[in-house]
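Visitor: Numbering of the sequence shown is given in my numbering, commencing with residue 1 and proceeding in unit increments. Next up is a structure, given as structure tokens.
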Amino acid sequence: MRSLFRAVLAVGLACGQTAAAPQTVPVPAAGVPPPQVGPAPHAGQPSPSVVSAPAPDAPVPYAKPQGIYATIDVGANEAAIRRLGQLIPHPRREAIAAAVAVAPKLSPPALYALANAVALDDANMPDAVFWFHVARIRAVYDALRCKDETARPVVAEFGKRLNPDVARYQRQNRQHTLQIAELAIKWDQQNPRQYDQRWINLYGKVARYSAGTDPAELSVPESEWPAILQRTHDAHLKSVREFAAQK
Numbered sequence: 001m002r003s004l005f006r007a008v009l010a011v012g013l014a015c016g017q018t019a020a021a022p023q024t025v026p027v028p029a030a031g032v033p034p035p036q037v038g039p040a041p042h043a044g045q046p047s048p049s050v051v052s053a054p055a056p057d058a059p060v061p062y063a064k065p066q067g068i069y070a071t072i073d074v075g076a077n078e079a080a081i082r083r084l085g086q087l088i089p090h091p092r093r094e095a096i097a098a099a100v101a102v103a104p105k106l107s108p109p110a111l112y113a114l115a116n117a118v119a120l121d122d123a124n125m126p127d128a129v130f131w132f133h134v135a136r137i138r139a140v141y142d143a144l145r146c147k148d149e150t151a152r153p154v155v156a157e158f159g160k161r162l163n164p165d166v167a168r169y170q171r172q173n174r175q176h177t178l179q180i181a182e183l184a185i186k187w188d189q190q191n192p193r194q195y196d197q198r199w200i201n202l203y204g205k206v207a208r209y210s211a212g213t214d215p216a217e218l219s220v221p222e223s224e225w226p227a228i229l230q231r232t233h234d235a236h237l238k239s240v241r242e243f244a245a246q247k
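Following this line, the structure appears as structure tokens:
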């Protein structure tokens with residue numbers, strides 16, 4: 001399990017890591033959207049936003065699952081992803097506000113879409129970084145709970161489609177990114193997941209070929225989840241601290 005954990009955690013960090021000078025950021029209460037994180041002190045000039053629709057080859061869940069796999073509901077999150085993909089500012093900002101209001105209900109793919117949507121506005125780049133870290137923490141945790149190893153690489157695929165300005169901001173603001181990552185972990189701890197963590201199974205091979213008659217084939221035993229979550233938080237923070245220490 002240890003080598004598997006390291007492999008899953010490693011994916012995607014290079015696509016958007018951490019950043020900049022310390023600030024005091026309040027921790028949001030459970031169920032409450034995070035405050036504006038604010039720009040890093042002495043941050044450089046913002047880079048131009050990349051205004052583009054989601055990649056046509058973005059990962060999509062298997063559409064014709066059977067048995068227990070057919071009970072995995074990703075419809076609301078897929079709808080949120082479509083709304084967040086708006087390129088016209090006003091409807092996109094409306095979609096962002098709606099998503100933030102129900103963030104604990106969003107699965108990681110929708111949280112990645114939220115980070116990308118927020119990143120289209122330079123002034124809100126720290127918030128985009130925040131949602132990226134929340135998305136990644138929850139995606140890695142869900143991947144490690146999933147028994148189908150062929151589904152786990154989707155975490156890296158979502159990371160590859162991160163708005164490049166998010167990664168750029170983090171490289172330019174390493175210590176600030178560390179603080180944002182710490183806030184993301186606290187938010188994750190204080191906001192119970194209200195989505196179906198089995199979403200990730202629909203990206204693996206088992207869901208395509210299984211009759212779905214055995215619920216036990218989807219996830220590792222629930223008794224293992226607390227330890228997996230703790231290791232996910234610890235390893236995520238460790239990787240961000242190492243990133244922040246780089247010159």
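Idealized CB from N, CA, C, for every residue including glycine.
Rounded to a whole number of angstroms, what is the C-alpha to C-alpha distance between P46 and L218?
Guide: Because the pLDDT at P46 is just 34, under 50, the model does not fix this residue reliably, and the value given afterwards should be weighed accordingly. The straight-line gap from Cα to Cα measures roughly 43 Å.
Visitor: Please list the terminal residues of the continuous alpha helix (DSSP H) segment that includes L202.
Guide: Neither: L202 is in no alpha helix (DSSP H) and is coded neither H nor E.
Visitor: May I have the straight-line CA-CA distance separating V134 from A184, to the nearest angstrom?
Guide: 5 Å
Visitor: Write down the C-beta distance between E157 and L237 rounded to the nearest angstrom, noting that I regard them as a contact closer than 8 Å.
Guide: With a Cβ gap of about 23 Å, E157 and L237 do not count as contacting.
Visitor: For W225, which residues from the same chain have a beta carbon less than 8 Å from its beta carbon, with the 5 sequence-adjacent residues on both sides left out?
Guide: R145
Visitor: Would you decide whether S223 is buried or exposed? Buried here means 16 or more other CB atoms lie within 10 Å of its CB.
Guide: exposed
Visitor: Please decide whether Q175 counts as near chain B, where near means a Cβ-Cβ distance under 8 Å.
Guide: Of the chains in the structure shown, none is chain B; there is only one protein chain.
Visitor: Here's the rule I'm using: 16 or more other beta-carbon atoms within 10 Å means buried, otherwise exposed. How should P192 be labelled?
Guide: exposed
Visitor: Can you tell me whether K205 sits near the ligand ADP, meaning its C-beta is under 7 Å from at least one heavy atom of the ligand?
Guide: No copy of the ligand ADP occurs in the structure displayed, which carries no ligand at all.
Visitor: Checking 8 Å against the spacing of the C-beta atoms, do P61 and L202 come in under that value?
Guide: yes
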